[in-house]
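So the structure is just underneath, and the comments pick up after that.
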Amino acid sequence: MHEMSLCEGIRDVIEDQARIHAIKAVKRVRLEIGSFSGVEKKALEFAFDVVMRGSVAEGALLEMLDLPGRAMCYDCMKEVEIDDRLAPCPECGGGKLMPVSGDEMRIKDLEVI
Amino acid sequence: MCTVCGCGTDQVEGHSHSHSHHHGPGDIHFGQGPAGTEVAGMTQERLIEIETGILSKNDCYAAANRQVLNQMGTFAVNLVSSPGSGKTTLLCKTIEALGDQPLAVIEGDQQTANDADRIRATGAQAVQVNTGKGCHLDGHMVGHAMEHLDIAPGSLLFIENVGNLVCPAGFDLGEDCKIAILSVTEGEDKPLKYPDMFTASKLALLNKIDLAPHCDVDLDLYEANLRRVNPQIEIIRLSARTGEGMDQWVAWLTDNLAVKSVKAAE
Chain H
1 MHEMSLCEGI
11 RDVIEDQARI
21 HAIKAVKRVR
31 LEIGSFSGVE
41 KKALEFAFDV
51 VMRGSVAEGA
61 LLEMLDLPGR
71 AMCYDCMKEV
81 EIDDRLAPCP
91 ECGGGKLMPV
101 SGDEMRIKDL
111 EVI
Chain B
1 MCTVCGCGTD
11 QVEGHSHSHS
21 HHHGPGDIHF
31 GQGPAGTEVA
41 GMTQERLIEI
51 ETGILSKNDC
61 YAAANRQVLN
71 QMGTFAVNLV
81 SSPGSGKTTL
91 LCKTIEALGD
101 QPLAVIEGDQ
111 QTANDADRIR
121 ATGAQAVQVN
131 TGKGCHLDGH
141 MVGHAMEHLD
151 IAPGSLLFIE
161 NVGNLVCPAG
171 FDLGEDCKIA
181 ILSVTEGEDK
191 PLKYPDMFTA
201 SKLALLNKID
211 LAPHCDVDLD
221 LYEANLRRVN
231 PQIEIIRLSA
241 RTGEGMDQWV
251 AWLTDNLAVK
261 SVKAAE
C-alpha cells in the first residue's frame with residue numbers, strides 16, 4: 001500500500017501536537033487500524049521507524065490496535081461483523097456486503113514527555 | 001505544514017499560497033523530502049488523546065478543494081484504475097463528445113507529461129502532476145494543480161489519478177466522486193482482488209467492450225463481481241474506441257453536473 005505516506009501523515013499530526021502541547025519527546029504512539037483499511041502492519045512498522053527519524057517521535061514505540069470490520073448485508077439488510085472483506089454474511093450467507101466501518105486509520109493517543 | 005515542498009502553514013485557507021520556487025509551465029513535480037521540526041521543553045510524562053485520522057492533513061486539503069469546487073458548481077470526478085485501462089483515451093473521446101462544455105483536466109502520473117500533452121491536443125486545458133515516487137495523488141497536489149487551471153463556474157473537472165488500484169482509494173482529493181475504469185482485458189475477478197477501489201467508487205466504467213468477444217470474458221460476471229464488493233455501484237459498459245456506450249456516459253456526467261450547478265445556485 002502506501003505505508004510511507006501514512007507514516008508521513010502520522011509525523012504531520014505528531015509535529016502539530018508537539019507544537020500545541022510543547023512535547024519534548026514521544027515515547028509511544030497508539031494507532032487504531034480497521035481490518036478493511038488495507039494497512040500492511042509490518043510495512044507500517046518499518047516505515048514508522050524510518051520516517052520518525054529526526055522528529056520528536058524518533059525511537060517511539062508503535063502499537064497498533066485492531067478494529068473489527070462491519071458491513072451492511074444487501075440480502076438480509078442487517079449490519080454484521082465480518083473478519084474478511086469478501087466473507088459471506090454470517091446471518092444469511094449472502095455475498096453483497098457494503099462496508100460501514102473497518103476502514104479506520106486513526107492515531108488514538110500519544111505517550112509523551 | 002506541507003511535507004511535500006515545505007510551502008504553506010498549518011492553516012489551510014482556500015489553499016492559495018505564494019511560492020519562492022518555480023514549478024515549470026503547467027507541470028508540477030512532487031517527491032521531495034519532509035520538513036524539519038521545532039520542539040519546546042516539557043519534562044512531565046503524560047498521555048495525549050488525539051483520536052485523529054492519520055490522513056487528517058490530506059483531508060484538510062481535500063476539504064479546501066471541495067469548498068472551492070462547490071462554490072463554483074464544478075462537478076469533479078477522480079478517475080481511478082489500473083495502468084492501461086484506457087483512462088486517457090477515454091478522457092480524450094469524452095472531451096470530444098462534450099463539445100463546448102467548459103472543463104479542465106488534472107493528469108497524475110509518476111513521470112512524463114505525455115498524458116497532459118494528449119489532453120491538450122484535444123484543445124482542453126490540462127495540468128500534469130508528476131508524483132515522483134508517490135503512488136497516488138493527494139489533496140495537496142490537487143490544490144496546487146487547481147491553481148494552475150482556469151476553472152470556470154459550471155465546469156467539469158476530471159482528475160486522472162495515478163494508475164493504481166490500491167492507494168488512490170484512501171486519499172480524498174476533494175472530488176464529488178470516484179469513478180473506476182475497468183477494461184475487459186483485466187479479468188472478471190479484478191473487483192474481488194482489489195475491492196477497496198471499487199467500494200469507494202460511485203460508478204464503474206467497463207471499458208474496451210469491443211474486445212470482449214476476442215478475450216473470452218463474461219461481462220455479466222464483471223458486473224456481478226462489482227456489485228459483490230459494492231452493491232450500490234452504477235455500471236456503464238462502453239468502448240472509447242468504437243463509441244459504444246459513450247452517450248450514456250456523457251449523459252451521466254452532464255446530469256450530475258446539472259445537479260451540482262443547482263446546489264451551487266441555492
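Protein sequence lines, in the order shown, are assigned to chains H and B. Numbering follows full-length UniProt numbering, with no gaps: position 31 of the first sequence is 31. Numbering follows full-length UniProt numbering, with no gaps: position 185 of the second sequence is 185. Think of the CB as a built atom: it goes at the ideal place given N, C-alpha and C, for glycine as much as any other residue.
Among the residues facing chain H, residue 195(B) is included, as its CB has a counterpart in that chain under 8 Å away.
Proximity of residue 105(H) to chain B, defined by a Cβ-Cβ separation below 8 Å, is satisfied. Minimum Cα-Cα distance from residue 145(B) among the listed residues 61(B), 248(B) and 220(B) corresponds to 61(B). Here the C-alpha atom of residue 167(B) lies approximately 31 Å from the C-alpha atom of residue 91(H). For residue 116(B), the enclosing alpha helix (DSSP H) starts and ends at 114 to 120.
If you draw a 10 Å sphere on the C-beta of residue 46(B), you find fewer than 16 other C-beta atoms in it, and that means exposed.
Inclusion of residue 30(H) and residue 3(H) in the CB contact set at 8 Å is not warranted, their separation being larger than that value. Beyond the five residues adjoining it in sequence on each side, residue 68(H) comes within less than 7 Å, by CB distance, of 35, 81 and 102 in the same chain, given in chain order. Residue nearest to residue 140(B) within the set 28(B), 254(B), 253(B) and 262(B) is 28(B) (criterion: CA-CA distance). Short of 8 Å from the beta carbon of residue 51(H), and not among the five residues preceding or following it, lie these beta carbons of its own chain, in chain order: 4, 7, 8, 10 and 11.
Pairing residue 117(B) with residue 162(B) gives a Cβ-Cβ distance that is not under 8 Å. For the region 50 to 65 of chain B, residues whose beta-carbon sits nearer than 9 Å to a beta-carbon of chain H comprise 50, 51, 52, 53, 54, 55, 56, 57 and 58.
Annotation for residue 19(H): no beta strand (DSSP E) segment contains it, though the alpha helix (DSSP H) segment containing it runs 3 to 21. Residue 98(H) sits close to residue 231(B), with the two beta carbons spaced by under 8 Å. Just so you know, the alpha carbons of residue 41(H) and residue 47(H) end up roughly 10 Å apart. A Cβ of chain B is located within less than 8 Å of the beta carbon of residue 9(H).
Per the coordinates, the alpha-carbon of residue 48(B) lies some 57 Å from the alpha-carbon of residue 244(B). Residues of chain B whose Cβ lies closer than 9 Å to the Cβ of residue 93(H) do not exist, since the nearest Cβ in that chain is about 13 Å away. Taking residue 127(B) as reference, the option from 159(B), 198(B) and 248(B) with the minimal CA-CA separation is 159(B).
Residue 177(B) does not reach chain H, its nearest Cβ partner there being about 15 Å away, counting only Cβ pairs nearer than 7 Å.
Between residue 58(B) and residue 138(B) the beta-carbon gap is near 5 Å, inside 8 Å, which marks them as a contact. Boundaries of the beta strand (DSSP E) harbouring residue 179(B): 177 to 183, taken from the DSSP string.
Between residue 105(B) and residue 91(B), the C-beta spacing is below 8 Å.
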